[in-house]
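Quick note: the sequence shown uses the working numbering, first residue 381, plus one each step. Quick reminder that beta carbons are idealized off the backbone N, C-alpha and C, glycines included. First comes the structure, then the notes that go with it.
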Amino acid sequence: MTALELKNKRILVTGGAGFLGRQVIDQLCKAGADREKITVTRSHDCDLRVWENCQRAVDQQDIVIHLAAHVGGIGLNREKPAELFYDNLMMGTQLIHAAYQVGLEKFVCVGTICAYPKFTPVPFKEEDLWNGYPEETNAPYGVAKKALLVQLQSYRQQYGFNGIYLLPVNLYGPEDNFDPRSSHVIPALIRKVHEAQVKGEKQLPVWGDGSPTREFLYSEDAARGIIMGTQLYNDSDPINLGTGYEISIKDLINLICELMEYEGEIVWETEQPNGQPRRCLDTEKAKQAFGFTAQVSFQQGLKNTIDWYRQHAA
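So, in structure tokens, the structure goes:
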């Protein structure tokens, strides 16, 4: 297996200023890419929902790594399903088409675990992706991102366009989004526990009943997997990126409370939604295809994330 040489390549990283994007740029440089040849798009100065911006963004690039997404937790999914569908579909589909038009060497699309059907057998295998409809609160975002897989596969079939599709689980790590209106479960819970400690609150309300399970991938590991896929994977089939480690929300909040030394009572708000019942990926394909396995243990990654948040909470 010959690795794609990154030195001297012009690489566009959409969403490169985000918490995963910064890690991807670090890993690109470690893999031999030239930092001055990496271009980063930011939503405020390059709105990828606009066709002309997509054309300009891919002009004279060799590789595109598409990370940009309009994304959030259950709250945002319920509040803005139309925006999540439209924004993610338009950004991705236009960028892929613009990249094809300029004869781009490789397109790397980072999808989402939200694309999987609601009742997928655990662990989720890539071949299960089309065996049902996604969990309702995630569906607009998940289906929009899933459409990009169909686009890449059809462009490969008709035009010979080299696009790959990677499916990471929920990510977490330092520099994540801790805004309670739009954050995912780990940053949301870390912030909630921290604020309860600061205010001296003895009870901690948490959505749902704690029964759903999730798998999480540390952002640095995710970035490493994305770069390994960029260099070593050239097939049309989607590939999961994860750890294979499944934890319930109940055990997760207990672990966060333990690491943060919070001793209050957890109050489950069972009238609030749980989200998808179980999420855990089969990670064998990534291991076989390009040798990816996660390196950072969940407890260590969580500790690093908590430490970062505490340093920046003020």
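In terms of Cβ geometry, V444 and R658 do not form a close pair [threshold 7 Å]. A straight-line Cα-Cα distance of about 11 Å links G553 and V676. Inter-residue distance for C434 and T650 is about 43 Å (C-alpha atoms, whole angstroms). Secondary structure at Q656: coil, using DSSP grouped into helix, strand and coil. In the DSSP secondary-structure assignment, E645 is bridged to Q583. Two segments are said to touch when three or more pairs of C-beta atoms, one from each, lie closer than 8 Å; by this definition the stretch 624 to 642 touches the stretch 679 to 688. Taking 8 Å as the upper bound for CB-CB distance, I619 and L546 are in contact here, some 6 Å apart.
Assignment of Y625 by DSSP, reduced to helix, strand and coil, places it in the coil class. For the pair L456 and Y539, the Cα-to-Cα distance works out to about 37 Å. Scanning the stretch 473 to 543 for uninterrupted alpha helix (DSSP H) segments of 4 residues or longer gives 519 to 539, listed from N- to C-terminal end.
Under the DSSP assignment, N550 falls outside any alpha helix (DSSP H), being part of the beta strand (DSSP E) whose first and last residues are N550 to Y552. Within the stretch 417 to 444, the runs of alpha helix (DSSP H) at least 4 residues long that lie entirely inside it are, in chain order, 431 to 438. K486 sits buried, since 16 or more C-beta atoms from the chains shown fall within 10 Å of its C-beta.
The DSSP-derived three-state label of L384 is coil. Taking C-beta atoms as the reference points, P497 and N511 count as a pair closer than 7 Å.
In the displayed model, H692 falls within a helix according to three-state DSSP.
In terms of Cβ geometry, V565 and G622 do not form a close pair [threshold 7 Å].
If you ignore the 5 residues before and after L400, its C-beta comes within less than 7 Å of the C-beta of L447, L551, S599, A602 and A603, all in its own chain and listed in chain order.
A contact between stretches requires three or more CB pairs, one per stretch, nearer than 8 Å, and the stretch 607 to 619 fails this requirement with the stretch 559 to 574. The DSSP-derived three-state label of F672 is coil.
Taking a 10 Å sphere around the C-beta of A383, we find fewer than 16 other C-beta atoms and assign the residue as exposed.
Beta-bridge pairing by DSSP links V393 to V420 and I445.
Proximity to K410 across E385, T394 and E645 peaks at E385, based on C-alpha coordinates. Scanning its chain for C-beta atoms nearer than 6 Å, with the 5 sequence neighbours on each side dropped, one finds around D556 the residues F399 and P567, in chain order.
Contact between the stretch 468 to 478 and the stretch 526 to 538 is present: 3 or more CB-CB pairs across the two stretches fall below 8 Å.
The C-alpha of T673 is placed about 6 Å away from the C-alpha of K667. Assignment of F678 by DSSP, reduced to helix, strand and coil, places it in the helix class. Within its own chain, the residues whose Cβ lies closer than 8 Å to the Cβ of H574, once the five positions on either side in sequence are excluded, are M640, Y689, R690 and A693, listed in chain order.
Exclusion of the five residues before and after Q440 leaves R390 as the residues of its chain whose Cβ lies within less than 7 Å of its Cβ.
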